[in-house]
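Numbering (our numbering), first residue to last: 7 to 150.
From the three backbone atoms N, C-alpha and C, an ideal C-beta is built for every residue, glycine too.
Okay, so here's the structure we're looking at.
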């Protein structure tokens with residue numbers, strides 16, 4: 007019996023050339039080369055109900071309800087969506103020990119997670135904005 011949920015997206019495997027064709031230069035650099043966008047460089051996302059998806063494979067990763075203002079320069083979430091293909095890897099680059107966050111579905115680098123977030127989890131998923139795209143809920147209305 008498989009541990010994979012019935013609605014889990016199929017694993018996505020593409021060549022480097024295929025990724026370069028479908029992603030813009032910034033998204034390619036961040037997701038495929040483990041880059042980081044400059045802080046505060048992403049234009050932001052609407053504050054309407056919805057979900058944040060992997061820009062590479064469209065897997066649903068985070069919900070708007072878990073997003074918060076961390077003032078770190080990147081979109082921040084206190085948890086991934088239940089059952090989302092969000093994986094973690096030890097990252098020892100740049101003379102630091104951190105936890106890298108990636109999409110388990112396609113291998114895209116998303117950002118890092120830190121244990122300094124708000125309740126209820128105490129975690130801060132610090133995610134590159136170019137690694138995500140937002141899809142509003144079907145019945146979403148503008149937030150005040």
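- The DSSP-derived three-state label of residue 35 is helix.
- When secondary structure is reduced to three states using DSSP, residue 97 falls in the strand class.
- At a cut-off of 4 residues, not a single continuous stretch assigned as alpha helix (DSSP H) sits fully inside the stretch 78-123.
- The shortest C-alpha to C-alpha distance from residue 90 to any of 112, 81, 23, 79 is the one to 112.
- Residue 144: not part of any beta strand (DSSP E); DSSP gives it neither H nor E.
- Distance between residue 45 and residue 144, taken at the CA atoms: about 30 Å.
- Between the stretch 43-61 and the stretch 96-104, the count of C-beta pairs closer than 8 Å stays below three; the two stretches do not touch.
- Around the C-beta of residue 24, fewer than 16 other C-beta atoms lie within 10 Å, and the residue is accordingly described as exposed.
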